[in-house]
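Participant: One structure, pasted below without further comment.
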Amino acid sequence: MTDATKTNKLLPAPDIGDILFLFIIMIPLMVRPTYLFGDGSTGWHIVTGDYILKNHAIPRQDIFCYLDKIPGKADKSWVAYEWLSDTITAALVQLGGLNLLAVVWSAAIALIFLILYNRCRKEGCHFLIVLATCLLGALVSAVHWLARPHLFTFFGVLIFSGALEDYYRRTISSTKFLTILSLYMLVWVNCHPAFVVGFVLIAVYLGASLCSAFFYAAGNKRKHYLESAKTFTLALGCTFAASLVNPNGLILYQYIEKYLKGSMILANTDEFLSPVFHFSLHPTCLEAIFAIFIVGLAISQKRLSFPKLLLCLAFSHLALSAVRNMPLFVIIVLPAIAQLYSKTRLSPAVADNANAVPSDESAEHSADAESPLWRKIVTKWNRLGEGIDDMEWQCKMHLLPIGCFIFLTATALMGGKIGGVAILESGFDPLDKPTKTLDYLKKAEESGELKVNEGFNMDNWGGYIRYKLGTPVFIDDRADFYGEGYYAQYSIINQVLTFENGAPNWLDWLAKDHIQWVLVPKDSRLALALKAQDGWKVAAEDPASVLIIHEKPYPTTK
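Going by my numbering, the first residue of the sequence shown is number 11, and it counts up by one from there.
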C-alpha cells in the first residue's frame, strides 16, 4: 500500500469488516431470534436490574427464592456482583422490550468481530484468510451467545489482550496503556466476576518480560524488558485498585473464591463441561481454528511474541476444558493467526527468491518453488489481496454498521414492527420454555388454588419464571447463592434418586417441603415418575413443560 493511497479521502462505502458485522448481527436477530434467550437465567438478571432501577439500591438479600431459610446457609444474604450489567439489561428491556436487548447484545457481538477483523488486517494478513478465520471464530463463539453479563468479559479479554500486546510492541504509550486497562476494569468488575482474567493476562506479560530480561545480558534489550515488567507491575496495581471500586470491596474476592470452590456444582453445569467433538458445529469449527493456528506456526516467517504464544497455549487449554471459554480462545488466537499468516514461506519475497540461481545444496529444494503453476497461484493470490488492501484503507467510515444499528434500535423502540410488519421478534423460545403452564400457574395462584411457596421448578427456569410471573420460586441457577447442600437436595428430587441406606429419597424431600406443584420439562425423568405416581395429576402442558399437581395431602409428621 502506497503513502499516496493512505492520504486519499475516506469513502462511505463499506469494507469487508462492515459486511462481516452485518452478517453476524443478523444471525441472532433474524435467523435465530430466540438464540440469545436460550438460557432462562436472563430472567433473573432482568429482575435484579428492575429492582435496582426501582429502589435505587443494590439488593443485599435474596429476592428470588420463596424459602425463608436456605438449607446450609446462615441467612439469605446475596452478593449481586453483576449489578451494573443487570441494570443495563433491565433498562434496555424497559425501553424497548426484549427486542432492544437483543439488538444491543447482537450489535456488541458483531462489534467484537469487526474490531478483530480490523486488528487482523493491520497485521498485514490477506483479507481472505482474515475473513475465513473470523467467520470460523464467530461460529465457535456462538456457542455462548447469550443475553447475559459474560459479554463484558468478551470485551475485557479483547481490550486487555490488545492493549497488552500493543504496549509490548511499544505501539502505544505507557500512559495510554494504563488508562485503557484501569478504565475498563471499573466497568468489568461491576459487570462480571471473570474480571480476574484481566489480572491473569497482565501477569502473563509480566512473567514473560521478567523471563526475557533474565536471559539477556546487561544492555538495551534487558533494559527494554525490565521497563516492560515495571509497567506491567504498575498495571496490576492500577487495575487491582480499580477493581475495589465496587459495592462490596474486598468481600467480592471472597465471594468469588467461595463460588469457584463449589466444584460439584460447576462440574455438572453444561457450560463448564468440555466441548464434545462428535459432529457438532461449534467444536468442529474450533478444530479448524486449531489446525489453522498450528499450520501457521509451521509455515510462518514471523514469530509471535513470547507472552502472546503463552496466551494462545493457555487459552487453548481453557477452550478444551470448558465450552464457555471457547469464545475467549477465539479472541486471543485470531490476531495471532493473522500475524503468522502475514508473512509465510508462500509470501511474495519467497516467491521472488525462486528467480535466484540455486546453489548445489539448495537446488533440489528450490525446484518446487520454481513451479510455474504454483508461482501463478501465489502471484494471483497476492495481487487480489493488494487490490482489496487499497480499497479497504479508504472504506473506514463504518456507515453500514452504524446505520444498521440505528435502524434496528429504532425498530425495537417501535415494538419491533415497521408499517405493521414484524421485523424483530426476539424472545424466549416457547419450544424450550414454559408458556401455557405458566398461564395456568398464574391463574391458579391468583385464585388461591395453588400457593407460590409450595412449588418445585427446574433450576434454569427459575429466573425465567420469576421474570414472567413476578413471584418467588423454589430455585434458580445462581449456584453461588444456593450452595452445594441445597443443590444436592434439588438434584435428588430432579433426578428421582432413591437410596438403600435409608437416606431421604426424592419423594421424602417433596413431602418434607410440602411441594404441591411441579413445573419441569415434559419428558424429564421427574415428570415421567410423577405421572406414574398415585396422587399426582397433569394440570397443564405445552411443548416444553408440564405442570403436575399433588392432589392428596401429605401425611403429618410429629
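From the three backbone atoms N, C-alpha and C, an ideal C-beta is built for every residue, glycine too. All values derive from a computational prediction rather than experimental measurement.
Helix or strand or just coil, what does DSSP make of Ser87?
Facilitator: Within the sequence shown, residue 87 is the residue found at index 77, counting from 1. The answer is strand: DSSP assigns Ser87 an E or B state.
Participant: For the pair the stretch 159-173 and the stretch 182-201, tell me if three or more CB-CB distances fall below 8 Å.
Facilitator: Touching, yes.
Participant: Quick check for students: name the residue ranges of the alpha helix (DSSP H) that lie wholly in the stretch 74-128, counting only runs of 4 or more.
Facilitator: Segments of the alpha helix (DSSP H) lying fully in the stretch 74-128: there are none.
Participant: Alpha carbon to alpha carbon, how far is Gly53 from Ile485? Give it in angstroms, no decimals.
Facilitator: Position 475 of the sequence shown, counted from the first residue, corresponds to residue 485. Position 43 of the sequence shown, counted from the first residue, corresponds to residue 53. Looking at the two C-alpha atoms, the distance is approximately 13 Å.
Participant: Take the Cβ of Thr181 as the centre, count every other Cβ of all protein chains shown within 10 Å, and call the residue buried at 16 or more, exposed below.
Facilitator: Reading the sequence shown from its first residue, position 171 is the one you call residue 181. Exposed, since its Cβ has fewer than 16 Cβ neighbours within 10 Å.
Participant: Around the Cβ of Ala346, are there at least 16 other Cβ atoms within 10 angstroms (buried) or fewer (exposed)?
Facilitator: Counting from 1 along the sequence shown, the entry for residue 346 is found at position 336. The residue is buried, with at least 16 neighbouring Cβ atoms inside 10 Å.
Participant: Would you kindly report the start and end of the unbroken beta strand (DSSP E) that includes Pro563?
Facilitator: As a working mapping, residue 563 is identified with position 553 in the sequence shown. Here Pro563 belongs to no beta strand (DSSP E), and DSSP marks it neither H nor E.
Participant: Can you tell me whether Glu561 is buried or exposed? The criterion is at least 16 other CB atoms within 10 Å of its CB, across all chains shown.
Facilitator: Position 551 of the sequence shown, counted from the first residue, corresponds to residue 561. Glu561 comes out exposed.
Participant: Whole angstroms is fine: what's the gap from Asp378's alpha carbon to Ala329's?
Facilitator: Position 368 of the sequence shown, counted from the start, is the residue given in the question as residue 378. Position 319 of the sequence shown, counted from the start, is the residue given in the question as residue 329. Confidence in Asp378 is poor, its pLDDT being 47 and thus under 50, which makes the residue's placement unreliable; the coordinate value appears in the next sentence. If I take the Cα positions, the gap works out to 38 Å.
Participant: Which of the three DSSP states, helix, strand or coil, is assigned to Gln71?
Facilitator: As a first step, residue 71 is located in the sequence shown; it is residue number 61 there, counting from the start. Three-state DSSP puts Gln71 in a strand.
Participant: Could you work out which residue in Ala539, Asp523, Thr419 is closest to Thr508 when comparing CA atoms only?
Facilitator: Against the sequence shown, residue 508 aligns to sequence position 498. The option with the nearest alpha carbon to Thr508 is Ala539.
Participant: From Asp552, Leu283, Ile412, pick the residue whose C-alpha is nearest to that of Pro22; which is it?
Facilitator: Indexing the sequence shown from 1 puts residue 22 at position 12. Comparing Cα positions, the closest option is Ile412.
Participant: Exposed or buried, which one is Gln349 when buried takes at least 16 other CB atoms within 10 Å?
Facilitator: For the purposes of this step, residue 349 is identified with residue 339 of the sequence shown, where counting begins at 1. With 16 or more Cβ atoms within 10 Å of its Cβ, Gln349 is classed as buried.
Participant: Where Gly493 and Ala173 are concerned, what is the direct C-alpha to C-alpha distance, given to the nearest angstrom?
Facilitator: As a first step, residue 493 is located in the sequence shown; it is residue number 483 there, counting from the start. As a first step, residue 173 is located in the sequence shown; it is residue number 163 there, counting from the start. Roughly 37 Å separates the two Cα atoms.
Participant: Classify Ile428 as helix, strand or coil using the three-state DSSP reduction.
Facilitator: As a first step, residue 428 is located in the sequence shown; it is residue number 418 there, counting from the start. It is a strand residue.
Participant: Report yes if the C-beta distance between Leu410 and Asp28 is below 7 Å; otherwise report no.
Facilitator: The residue given as residue 410 occupies position 400 in the sequence shown. The residue given as residue 28 occupies position 18 in the sequence shown. In contact: Leu410 and Asp28 (Cβ atoms closer than 7 Å).
Participant: Report all residues from its chain with a CB closer than 8 Å to the CB of Gln526; omit the five preceding and five following residues, and keep chain order.
Facilitator: As a working mapping, residue 526 is identified with position 516 in the sequence shown. Leu460, Lys461, Glu464, Gly465, Ile559, His560.
Participant: So, do the stretch 95-115 and the stretch 429-439 have three or more beta carbon pairs nearer to each other than 8 Å?
Facilitator: Yes: the two stretches touch, three or more of their Cβ pairs being nearer than 8 Å.
Participant: Under DSSP, the beta strand (DSSP E) around Pro531 begins and ends at which residues?
Facilitator: For the purposes of this step, residue 531 is taken as residue 521 along the sequence shown, with counting starting at 1. Residues 527-531.
Participant: Please state whether the Cβ-Cβ distance between Val103 and His292 is less than 7 Å.
Facilitator: Taking the first residue of the sequence shown as position 1, residue 103 is located at position 93. Taking the first residue of the sequence shown as position 1, residue 292 is located at position 282. Their beta carbons are not under 7 Å apart, which means Val103 does not touch His292 by this criterion.
Participant: When you compare the CB positions of Arg355 and Ile302, do they come within less than 7 Å of one another, or not?
Facilitator: The residue labelled residue 355 in the question sits at position 345 within the sequence shown. The residue labelled residue 302 in the question sits at position 292 within the sequence shown. Contact flag unset, no.
Participant: Report the partner residues of Asn511 according to the DSSP bridge assignment.
Facilitator: For the purposes of this step, residue 511 is taken as residue 501 along the sequence shown, with counting starting at 1. None; Asn511 has no bridge partner.
Participant: Whose CA, out of Thr243, Leu244, Ser222, lies closest to the CA of His234?
Facilitator: Against the sequence shown, residue 234 aligns to sequence position 224. The candidate whose alpha carbon is nearest that of His234 is Ser222.
Participant: With a CB to CB cut of under 7 Å and the five nearest residues on each side skipped, what residues in its chain are close to Tyr61?
Facilitator: Here residue 61 refers to the residue found at position 51 of the sequence shown. Result list for Tyr61: Pro69, Ile73, in chain order.
Participant: For His66, name the three-state secondary structure that DSSP assigns.
Facilitator: Here residue 66 refers to the residue found at position 56 when the sequence shown is read from its first residue. His66: coil per DSSP, three-state reduction.
Participant: Of the choices Ile304, Gly82, Phe205, whose alpha-carbon is the least far from that of Leu246?
Facilitator: As a working mapping, residue 246 is identified with position 236 in the sequence shown. It is Phe205.
Participant: Can you check which of these residues, Cys414, Pro531, Cys135, is closest to Gly306 by C-alpha distance?
Facilitator: Stepping through the sequence shown from its first residue, residue 306 is reached at position 296. Among Cys414, Pro531, Cys135, the Cα nearest to that of Gly306 belongs to Cys135.
Participant: Applying the 10 Å Cβ sphere with the 16-neighbour rule, what's the burial state of Ile387?
Facilitator: Residue mapping note: residue 387 aligns to position 377 of the sequence shown, counting from 1. Exposed, because fewer than 16 other Cβ atoms sit within 10 Å of the Cβ of Ile387.
Participant: Please report the straight-line C-alpha distance between Gln505 and Lys268, rounded to a whole angstrom.
Facilitator: Numbered from its first residue, the sequence shown carries residue 505 at position 495. Numbered from its first residue, the sequence shown carries residue 268 at position 258. Going by the C-alpha atoms only, they are around 26 Å apart.
Participant: What does the alpha-carbon distance come out to for the pair Lys86 and Ile80?
Facilitator: Position 76 of the sequence shown, counted from the start, is the residue given in the question as residue 86. Position 70 of the sequence shown, counted from the start, is the residue given in the question as residue 80. Roughly 7 Å between the two C-alpha positions.
Participant: Hey, would you say Glu92 sits closer than 7 Å to His202, going by beta carbons?
Facilitator: For the purposes of this step, residue 92 is taken as the residue at position 82 of the sequence shown. For the purposes of this step, residue 202 is taken as the residue at position 192 of the sequence shown. Yes; because the gap between Cβ atoms is below 7 Å, this pair is in contact.
Participant: One question on the structure: do Gly50 and Trp471 come within less than 7 Å of each other, judged by their Cβ atoms?
Facilitator: As a working mapping, residue 50 is identified with position 40 in the sequence shown. As a working mapping, residue 471 is identified with position 461 in the sequence shown. Cβ atoms of Gly50 and Trp471: closer than 7 Å.
Participant: Reducing DSSP to helix, strand and coil, say where Thr354 ends up.
Facilitator: Stepping through the sequence shown from its first residue, residue 354 is reached at position 344. Of the three classes helix, strand and coil, the one that applies to Thr354 here is strand, per DSSP.
Participant: Alpha carbon to alpha carbon, how far is Trp88 from Ala227? Give it in angstroms, no decimals.
Facilitator: Locating residue 227 in the sequence shown gives position 217, where the first residue counts as 1. Locating residue 88 in the sequence shown gives position 78, where the first residue counts as 1. Going by the C-alpha atoms only, they are around 53 Å apart.
Participant: So, at 6 Å on beta carbons, what are the nonlocal neighbours of Arg129 in its own chain, with the 5 sequence-adjacent residues on each side left out?
Facilitator: For the purposes of this step, residue 129 is taken as residue 119 along the sequence shown, with counting starting at 1. Excluding positions up to five away in sequence, the list reads Pro345.
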